[in-house]
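Novice: Shown below is the structure under consideration.
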Amino acid sequence: MPPASDTPGSDQPDNSDGRRQPWKSFFSGEESGSEAESADDQLSLAMDPLHVTAPEDEIVRLNYFQDSEIFEHEKPYEILSQAPPGIERSNFQLRPGQPETIHDLRGLRTIFNLDQNGFQVVSNTLKTSCFDEATIKKDYLPSIEALLKSVEPDIDVHFFDWTVCNHHQHVFQVDQSPFAAIKRAKSILGNDISLLQTKRIRIINIWRPMYHPVEDWPLAVCDGSTVPPEKLIKVDHVRKHHIGESLYPLESDSYRWYYLNKQTPDEALLIKMFDSKEDVVAKCCPHTSFQKKKIAPSGKARESIEVRALVVSSF
1149 MPPASDTPGS DQPDNSDGRR QPWKSFFSGE ESGSEAESAD DQLSLAMDPL
1199 HVTAPEDEIV RLNYFQDSEI FEHEKPYEIL SQAPPGIERS NFQLRPGQPE
1249 TIHDLRGLRT IFNLDQNGFQ VVSNTLKTSC FDEATIKKDY LPSIEALLKS
1299 VEPDIDVHFF DWTVCNHHQH VFQVDQSPFA AIKRAKSILG NDISLLQTKR
1349 IRIINIWRPM YHPVEDWPLA VCDGSTVPPE KLIKVDHVRK HHIGESLYPL
1399 ESDSYRWYYL NKQTPDEALL IKMFDSKEDV VAKCCPHTSF QKKKIAPSGK
1449 ARESIEVRAL VVSSF
């Protein structure tokens, strides 16, 4: 499989890497709106108190990308909008891997950071219970910018997408490959190659529950320092007006997994998708969600908000 790397300053015209892309004649790839639709019909719920007496590690089987001989000549893809007649929605499979431990971050959270591990937990009081589009733009995004600048002051923050949802996702991935991250940076900053070469470019997702602690399907993050680059497979994400590229990890016994048990709305999880700094330990952070073994009968469904930010700074 081709390596999952691109040069930040390159003017690469597409992401085909010489392999066939069956969807390509049907989709233009022109940008149109955000990558994910935002929901504005969330109901406000009272936040439950947090009761965590001891760390609760979980042993689970996560879904991994399955390699195949077909990918020697055809690039993996998934169509996320209406698939054209005669074209399969996806040409790859995910299968459960071997049981592995997801370590509880309670009592450990302060030792992890974006540079060394690709994720970081930040205490941050959530000051709104309304998540319609207008409130997100007016109140929530500025609060997230302030949060990011509390972690690292000398940065420029550009938000390009957010998602409000009440469902879980079991796919284990990095949202943007280096190619997709550079493409996103160019769309926001312009095609100034010198800027892309002289500034540090990162994509950081900020994820948190909206109304109450997470009781089921928490978000799990993989320590980026334990992810070999050769284990990351490029996959086209195809929408009618947007062609993206994500990274799907192959199974490996090197990974080390974590989650924040009963994460509250006042705890923001920062997850790094891309970093142009060459010598940083963790270049990205694969993530997924998983079902907990023990769930209280009165457990509430997960409701969360995730914001995606392009973060620009000096090296």
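Counted from 1, the sequence shown has number 1155 at position 7 by this note's numbering; the numbering is strictly sequential.
C-beta: ideal position from N, C-alpha, C; glycine also.
(1) Let me check understanding here. Comparing Cα to Cα, which of V1428, E1393, I1336, K1442 lies closest to A1457?
(2) I'd like the list of long-range same chain contacts for I1250, defined as Cβ closer than 8 angstroms, with 5 residues on each side in sequence excluded.
(3) Round the Cβ separation of L1418 and V1270 to the nearest angstrom and send it over; I've been treating them as touching at under 8 angstroms.
(4) Since L1289 and F1307 should fall inside the 8 angstroms C-beta cutoff, what is the C-beta to C-beta distance between them, to a whole number of angstroms?
(5) Kindly give me the distance between the Cβ atoms of R1356 and F1422, rounded to whole angstroms, as I take these residues to be in contact under 8 angstroms.
(6) Quick one: give me the first and last residue of the alpha helix (DSSP H) that A1457 is part of.
(7) CB D1211 to CB F1320, shorter than 8 angstroms?
(8) What is the residue span of the beta strand (DSSP E) that E1248 lies within?
(9) Just the Cα atoms here: how many angstroms apart are C1433 and T1346?
(10) Output needed for A1328: all residues of its chain with C-beta closer than 6 angstroms, excluding positions within five of it in sequence on either side, in chain order.
(11) Do P1397 and A1174 have their beta-carbon atoms positioned less than 8 angstroms apart in this structure?
(12) Where does P1434 sit, in a helix, a strand or coil, going by DSSP?
(13) According to the neighbour-count rule (16 or more other Cβ atoms, all chains shown, within 10 Å of its Cβ), is D1188 buried or exposed?
(14) Could you tell me the distance, in whole angstroms, from the CA atom of D1263 to the CA atom of G1234?
(15) What does DSSP give as the partner residue(s) for R1356 in the beta ladder?
(16) Can you give the beta carbon distance from T1276 to D1287, rounded, assuming they're within the 8 angstroms contact cut?
(17) Go ahead and label H1315 buried or exposed: buried means 16 or more other beta carbons lie within 10 angstroms of its beta carbon, across all protein chains shown.
(18) On a Cα-Cα basis, can you pick out the residue from F1240, N1261, Q1230, C1278 that is closest to E1451?
(19) Does the beta-carbon distance from E1324 to V1299 come in below 8 angstroms?
(20) Ends of the alpha helix (DSSP H) at N1265?
(21) Identify whether I1443 lies in helix, strand or coil by the three-state DSSP scheme.
(22) Is there a Cβ of chain B sitting closer than 8 angstroms to that of C1278, yes or no?
(23) Report the option in V1312, K1431, N1265 whose CA atom is closest to the CA atom of D1280.
(24) What's the call for L1477, buried or exposed, on a 16-neighbour Cβ count within 10 Å?
(25) Which residue or residues does DSSP assign as beta-bridge partners of C1313?
(26) Per the DSSP calculation, A1416 is bridged to which residue(s)?
(27) Name the residue from K1440, S1400, K1420, V1460 whose alpha carbon lies nearest to the alpha carbon of G1245.
(28) Where does V1386 fall in DSSP's three states?
(29) Mapping the DSSP letters down to three states, classify I1391 as helix, strand or coil.
(30) How many Å lie between H1389 and P1203 at the Cα?
Specialist: In terms of the structure at hand:
(1) Cα-wise, what sits closest to A1457 is I1336.
(2) Cβ neighbours of I1250 beyond the five flanking positions: D1205, E1206, I1207, V1208, A1368, W1405, Y1406, Y1407, F1438.
(3) Indeed, because the Cβ distance is near 6 angstroms, the residues count as touching under 8 angstroms.
(4) L1289 to F1307, Cβ: 5 angstroms. Contact.
(5) In this structure R1356 is not in contact with F1422, their Cβ atoms being roughly 21 angstroms apart against a cut-off of 8 angstroms.
(6) That residue, A1457, is in no alpha helix (DSSP H); its beta strand (DSSP E) goes 1452-1461.
(7) For the record, residue 1211 in the displayed sequence is Asn; it is not Asp. Yes.
(8) From DSSP, the beta strand (DSSP E) with E1248 extends over 1248-1252.
(9) C-alpha separation (whole angstroms): 23 angstroms.
(10) Here the set comprises G1392, E1393.
(11) The displayed chain sequence assigns Phe, not Ala, to residue 1174. No.
(12) If DSSP states are grouped into helix, strand and coil, P1434 belongs with coil.
(13) With a pLDDT of 34 at D1188, under the threshold of 50, the predicted position of this residue should be treated as unreliable, and no value is reported.
(14) Taking the straight line from one Cα to the other gives about 44 angstroms.
(15) DSSP lists I1453 as the beta-bridge partner residues of R1356.
(16) Yes, T1276 and D1287 are in contact; Cβ-Cβ is about 5 angstroms, under 8 angstroms.
(17) Residue environment for H1315: exposed (fewer than 16 other C-beta atoms within 10 angstroms of its C-beta).
(18) Each of F1240, N1261, Q1230, C1278 was checked against the Cα of E1451, and the nearest Cα belongs to C1278.
(19) First, the residue type needs correcting, since residue 1324 is Gln and not Glu in the sequence shown. With respect to the 8 angstroms criterion, Q1324 and V1299 are not classified as neighbours on the basis of their beta carbons.
(20) Per DSSP, the unbroken alpha helix (DSSP H) holding N1265 starts and ends at 1262-1265.
(21) Here DSSP, grouped into helix, strand and coil, assigns I1443 to coil.
(22) Absent from the structure is chain B; it holds one protein chain and no more.
(23) It is V1312 whose Cα lies nearest to the Cα of D1280.
(24) Residue numbering for the chain in the displayed model covers 1149 to 1463; residue 1477 lies beyond these limits and cannot be assessed.
(25) Partner(s): S1452.
(26) BP columns for A1416 point to V1270.
(27) The option with the nearest alpha carbon to G1245 is S1400.
(28) DSSP places V1386 in strand when its eight states are reduced to three.
(29) Of the three classes helix, strand and coil, the one that applies to I1391 here is strand, per DSSP.
(30) The alpha-carbon atoms of H1389 and P1203 are separated by roughly 44 angstroms.
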